[in-house]
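Residue numbers (the UniProt record's numbering): 190 to 482.
The C-beta atom is built at its ideal place from N, Cα and C for all residues, glycine as well.
Predicted model only: the values in this text are computed from it and were never measured.
Worksheet: one structure, shown below.
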Ligand code: NAD
């Protein structure tokens, strides 16, 4: 059976390194990194994610601030919150928690985040730089960066391997496929229009699933020995759980763990490492702002 890639353990290792660096920066510059989160509305899943991010900041000694705007706020209110954080020198990273309510222009808002504080890496210029050879984005999006980190820290070689990314969203699938190419994998992308996804997936040494479809990837989709990173976090009803639901991945774990050589669980895989990458981006941004190496 497959080795379990333990995202919680890996995230703790990364965060402990960040905590040390934050302390070192504070001792030498009197500054700590600062993260601002803009959240619109009260979506339960978003609230949970934001709470996790803030708690992780606190643990690492990173300052954090939340601006929670009402569900029915105007675009100007969001842009005002953004400019307040842009002007605040104690804030080195700003993220706008997605998804935003329908009436707000997500593209316009993400485009307004200043490049040097775009710790989510969703600004079109950061994305464009990620896509172009010979150019370096200031920030890599956290979930894709986390997927690569999980592979590297598990000793999985990426260069020259066949990778299949399932999903092509702006926040996960697309940047993940670009990042895998930067690490010299040969990448195929499977999405909702793909015919015969199973056959394409079966050619992969590395499968990264980010479709948001519970149990989409069955054991039969995998080449024996493949490495599987399951980004999916799908709520399924479960009255026996605290909140009446639990989270499952895009990969049928039972089946996949009999075929794969290594696999991330859900929860406890990509999620914790994504948060660690956000802290890392915020730390890097602060170091850049204060000329601290
Ligand atoms: P999305 O809905 O924006 O995109 C889904 C993508 O999957 C689309 O490109 C679509 O074409 C593709 N897709 C849909 N159905 C498919 C199918 N049957 N076969 C193949 N492809 C299909 O979702 P997203 O924001 O990219 O998120 C994907 C999943 O990852 C969700 O479950 C989300 O909750 C999870 N997620 C987890 C983290 C984390 O930190 N763990 C972060 C972001 C998203």
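Look up residue 192 in the DSSP assignment and give the residues it is bridged to.
If you number the chain shown from 1, residue 192 lands on position 3. Looking at the DSSP output, residue 192 bridges to 451.
May I have the straight-line CA-CA distance separating residue 348 from residue 292, to the nearest angstrom?
Mapped onto the chain shown, residue 348 falls at position 159. Mapped onto the chain shown, residue 292 falls at position 103. A straight line joining the alpha-carbon of residue 348 with that of residue 292 spans about 43 Å.
Counting only runs that start and end within the segment 399–459, where is the alpha helix (DSSP H) found for 4 or more residues in a row?
442–448
Sheet register partners of residue 352 (DSSP bridge):
Walking along the chain shown from the start, residue 352 turns up at place 163. BP columns for residue 352 point to 376 and 395.
Among the residues of its own chain, which have a CB less than 8 Å from the CB of residue 383, if the five just before and after it don't count?
Locating residue 383 in the chain shown gives position 194, counting from the first residue. Hits under 8 Å: 389.
For residue 381 versus residue 396, is the C-beta distance shorter than 7 Å?
As a working note, residue 381 is residue 192 in the chain shown. As a working note, residue 396 is residue 207 in the chain shown. For residue 381 and residue 396, no; Cβs fall outside 7 Å.
Nearest-angstrom Cα distance between residue 195 and residue 202?
The sequence position of residue 195 within the chain shown is 6, counting from 1. The sequence position of residue 202 within the chain shown is 13, counting from 1. Residue 202 has its alpha-carbon roughly 11 Å from the corresponding atom of residue 195.
Identify whether residue 258 lies in helix, strand or coil by the three-state DSSP scheme.
Along the chain shown, one-based indexing puts residue 258 at 69. Residue 258 falls in the strand class under three-state DSSP.
Within the segment 224–291, note down every full beta strand (DSSP E) run reaching 3 residues or more, in order along the chain.
252–258 and 282–285
Do three or more CB pairs link the segment 200–215 to the segment 264–278 at distances below 8 Å?
Proximity of the segment 200–215 to the segment 264–278 falls short of the contact definition, fewer than three beta-carbon pairs being nearer than 8 Å.
Contacting residues, own chain, Cβ-Cβ under 6 Å from residue 404 (five flanking each side not counted):
Start at 1 with the first residue of the chain shown, and residue 404 comes out as number 215. 441.
In its own chain, which residues sit with a C-beta less than 6 Å from the C-beta of residue 331, not counting the 5 before and 5 after it?
The count along the chain shown starts at 1 and reaches residue 331 at position 142. Contacts found: 463, 466 and 467.
Using the Cβ count rule (16 or more neighbours within 10 Å means buried), how would you classify residue 325?
What you label residue 325 is simply residue 136 of the chain shown in a count that begins at 1. The residue is exposed, with fewer than 16 neighbouring Cβ atoms inside 10 Å.
For the 8 Å Cβ check, are there 3 or more pairs between the segment 238–252 and the segment 426–438?
no
Could you check where the alpha helix (DSSP H) with residue 335 kicks off and where it finishes?
Along the chain shown, read from residue 1 onward, the residue named residue 335 stands at position 146. Residue 335 -> alpha helix (DSSP H) spans 331–342.
Residues in the same chain with beta-carbon distance under 8 Å from residue 286, minus the five sequence neighbours each way, listed in chain order, please.
As a position in the chain shown, residue 286 is number 97, starting the count at 1. Excluding sequence neighbours, residue 286 sits near 226, 227, 228, 229, 235, 238 and 239.
If distances are taken between C-alpha atoms only, which option among 223, 454, 306 and 398 comes closest to residue 193?
Stepping through the chain shown from its first residue, residue 193 is reached at position 4. The shortest C-alpha separation from residue 193 is found at 454.
Assigned exposure category for residue 246 - 16 Cβ within 10 Å defines buried:
Residue 246 sits at position 57 when you count from the first residue of the chain shown. It counts as buried.
With a threshold of 16 other CB atoms inside 10 Å of the CB of residue 205, please say whether the residue is buried or exposed.
Looking up residue 205 in the chain shown gives position 16. The residue is exposed, with fewer than 16 neighbouring Cβ atoms inside 10 Å.
Residue 364, enclosing alpha helix (DSSP H) - first and last residue
Here residue 364 refers to the residue found at position 175 when the chain shown is read from its first residue. Here the alpha helix (DSSP H) through residue 364 covers 362–371.
Proximity of residue 267 and residue 283 at Cβ, strictly below 7 Å
Here residue 267 refers to the residue found at position 78 when the chain shown is read from its first residue. Here residue 283 refers to the residue found at position 94 when the chain shown is read from its first residue. No.
Please classify residue 316 as buried or exposed, where buried requires at least 16 neighbouring CB atoms within 10 angstroms.
The residue given as residue 316 occupies position 127 in the chain shown. When all chains shown are included, residue 316 counts as buried.
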